[in-house]
Structures are given as structure tokens and as C-alpha cells.
DNA sequence: CGACGGGTTGAAGTAAATCAATAGGGGTGG
DNA sequence: CCACCCCTATTGATTTACTTCAACCCGTCG
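Protein chains in written order, with the working numbering: chain A, 2 to 236; chain B, 2 to 236.
So, in C-alpha cells, the structure goes:
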């Protein structure tokens, strides 16, 4: 659980496992970091905002995304408790962020963190590490979106979630999907219909069960790995 | 030219415009940072390597990519002179890197840079800034790969290159393509045939000329922007 | 010269998108 | 408690954008 390499396929949130926001933000004045509650679909920030803030997810799940003028949406990352958001936003990263499930989020002004860095230089390195991890996990997402088939995309996605919940070496796993089919589609670069069809085909293959639409039970992790084309180690 | 926001559509290399590797690496002992010459297609590093190094492109163009077990390739970024590579590689980012055109690349052991950071803490912040910019430009790439049509993908790609060469506000632009159609295809997540077809359709639309296969002349930047669906500002 | 690597173009096939109908689930109000 | 609605998900039928397969061109190099 402590090594990034334990999550080769993790979502853009594996930073939690290695280095939580809490770790980076420890020692910051609490008055400078107010906590906000977000209901599902509520916006944390949008493209237009100045973006002088970092955020840490305390509870629930949020996602950051970009919208094209005709409404097409690409979700860039899902963020779970412990994840930091906002690194990169100072410099022209234009994206929005909203709650996927009810959430609690702490915000920290960049300026406050900058001041802290002056007195505790190791903070910058920790922040660098968080950015580094985000970058690394983004690469997985890239291969997934750019080069994988619909089945492989969904399998990779479920595999990453399963590993996040149940670790790497379990033979089966059960977990909740906080996001809707639409969210998954916009993360993987496909349509809800295709997502739905791939879910049922995975079910019919016996790889997963869907007791409810929001609950996934992976019956055969190994098969799921095969389908995910997750052979990211053998080459 | 000095603001990241001037390159909303830049490739994963806009860092050059804002903060060159030279800037970050200034003052490092030259003996610690040997320069290597790479011929086209020569490998700088591959997935298996330990990855204890940062690299700075001095000349030419390189690309980093990931390969799936059956040979499918996704190019993650093209890197031009001034760009830094290797941030994020310490922590489980498994990708390879090779020269797209003959190149000169300087390598710096992470350990050396780490030592420098001890004495000059502001280095960590500069590095953070580089990571930040890489992250931001990666988001553009994401929307492109995940949600755009073939024409929009190619238009976005050419637009980014045109802006890099000729700035933001020119009405026309001419530049070289150091990479092959295959490289472009693997960057945009499509096939060479589709890339080729979209090139000719852009040509027939009068948006671009192709005096040679490696030379692009953009006749109408505005139209190209339209086609790129680059309305990343109006929403 | 022939071979080879890149590029373009054409014809045919297909995975996924689109269009469209139906079903389920959770909450509200009559 | 049932009826209704709204939102989300599933499933089916059809279309299409892109891929795949294949031929061909062109410049370079041994």
C-alpha cells in the first residue's frame, strides 16, 4: 500500500496511497483552509475562476473535467479522499471540478502554501512528488483513452478501482461505483450506451457481477487483468 | 510568449516558452550532466530502466511513449529543445523515450539535482512549475484524444505546432513536421491512414498547404481554429 | 536496378456512435 | 399505499466514422 508501483493501473488519485494531502498540508493554519460541503453535482470551481487555490478531498468523490463548446465533456480525473487538486491550475490549466458524490473539500490558498514553503522548503519537494504521481497515473489514463478498445477501457477502469479498494493481489473484489455511467463514459472517452453494453458483456463473461448498478463484484481478477490488456510490465 | 496562457493548445512542451530546462539546471556541475547524441529512432531510455535521471532536450525532437503488449503505441508527448523529461519517472511512470529526429540530449542524475535542491531550495519550486506546466498541457491532449473527431484532432495538433512556431496571433504560418505520420497517429490515437486522409481533406478545404510531406503551411489560422474546436475560452 | 521506408488512396469491414424505446429505482405527493 | 415523475440505466436497430486490408507511388540508398 505504500509504494506507487503497487498501483500501476491506479486512477489519477493514487497519490492518496503514497502521500496524502494531509501530509503536505500538515502544519498549515486551519483558519486558512476552510472546509466546504458539496452536494452531488455541485461545482467546486470552474474554468473561469482565478484558481489561486489548492484543494484536498476529505470525504466523497469529485472529478475535474473539461467541456468543449458543444457540450462534449472529458473527465480528467476522479479524486478520492486524500487527493490533492489544483496543482497546475495557476498556469493556464483550464478545467472545472464538481462533486460526483456528496463531498467535503478543504481549500488552501496557494499563497498560504507558498509562505509555508519559504519556511519549510521540503514542502515544495512533497508537492513535486504529488505532481509527479499525478503525471505518472495520467499516462495510464492516456494509453487507455487513446489506444484501447471499449472492453479494455472498462476493464482497466474497473481493475484500477478494484485495486484501490482491495489491494493488488486479491482474487476477487467488491466495491461501490460513486460515479454514474455518464461519468465513466466521459472519463474513458466513450458513450453511456457503450459503457452499459460493455458492463453487461463483462457480466455475461462471468468476470463481474452487478448486484446493483452501483455495486461491482469482480469474480475473477485475473481474467479482468487479461481483458484490461494490463500487461504494462512484460514489455 | 512569456505566459503559459498564451499557449492554450500547446503540445506537452510549452514549458520551453515559460521555463527552460536550462533555467532549472543552471549552476549544475557540467561533468554531472553529459550530453548524448541520438539518431532518429534511437532510444534514450526504455520502460525497464531504473530511471534515476532527468533529461533536457538541447536540439532535435524526442518523444515519450508507452507500448501495449501487442504493439499498440501511445505517444505521451513530443519534446522540443528546452523541454525537460523525466519528472515523474522515479515513481512508477513506465514509459520509453526515443528520438523523433536526430537530437542532442543532456542527462542529469536525479541525485545530483536533489543535492542542488538542498542548497538552493528554489530549484524544487521551479521543478514543480515545470511539472505543473506539463500537467496543464496534458489536459489539452486529453480532451483531444478522448473527445475529438479525427479532423478536430489533426487540426488541434497542427494549430499547436503553428502557434509554437509562429506565435498566437499570426494569420498564417509555415513550419516543419519533424515526426512521421505514424508518430502523429500514435500521438492522436488514430491510424496513419486516417491521419493521411485528414491531411488531404484539410488541404482540399484550403486550410493548409503541404509543399512537402514534412512542411505545413497554414493558409487560414482562423479556420484551423474553428476546425480544432479550440473554443477553450468561451465556456 | 531493386528494395525499403514512408506516404497516399481506394474498397470493404467493423466497432462504436446515434437514434429510439423500454425498464428500473427512488422520491414526492395525492 | 399507490401513482406518478424524474433520472439513470439497459437494450435494440441503424448509421457512420474510423479501421483494416490492399494496392500503388515516390524518393533514397545499398
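The beta-carbon is built from N, C-alpha and C at its ideal position, and this holds for glycine as well. Nothing here was measured: the structure is a model prediction, and the numbers come from that model.
With respect to the C-alpha of residue 190(A), the residue from 39(A), 62(A), 67(A) and 47(A) having the closest C-alpha is 67(A). Taking the Cβ atoms as the reference, residue 98(B) lies roughly 6 Å from residue 86(B), within the contact range of under 8 Å. Using a Cβ-Cβ cut-off of 7 Å, residue 89(B) is close to 133, 136 and 137 of chain A, given in chain order. Here residue 180(A) carries a coil assignment [DSSP, helix/strand/coil].
DSSP places residue 147(B) inside the alpha helix (DSSP H), whose first and last residues are 123-148. Scanning the region 63-126 of chain B from its first residue to its last, the whole beta strand (DSSP E) runs of 3-plus residues come out as 74-80 and 97-110.
For residue 195(B), the uninterrupted alpha helix (DSSP H) run begins and ends at 193-205, by DSSP. Under the three-pair Cβ rule at 8 Å, the region 150-168 of chain B does not count as touching the region 158-177 of chain A.
Apart from sequence neighbours up to five positions away, the residues of its chain that approach residue 203(B) with a beta-carbon distance below 6 Å are 209, ordered along the chain.
Around the beta-carbon of residue 196(A), 16 or more other beta-carbon atoms lie within 10 Å, marking it buried. Nearest to residue 77(A) by C-alpha distance, out of 216(A), 35(A), 223(A) and 143(A), is 143(A).
Taking the Cα positions, residue 83(A) is about 26 Å away from residue 214(A). Between the alpha carbons of residue 227(A) and residue 65(B) lies a gap of roughly 25 Å.
For residue 163(B), the secondary structure class from DSSP, reduced to helix, strand or coil, is helix.
The Cβ atoms of residue 115(A) and residue 39(A) do not sit closer than 8 Å to each other.
Counting C-beta pairs with one atom in each stretch, the region 133-149 of chain A and the region 175-187 of chain A have fewer than three that are closer than 8 Å, which means they do not touch. Taking C-alpha positions only, residue 74(A) is separated from residue 112(B) by approximately 41 Å. The beta carbons of residue 152(A) and residue 220(A) sit no closer together than 8 Å.
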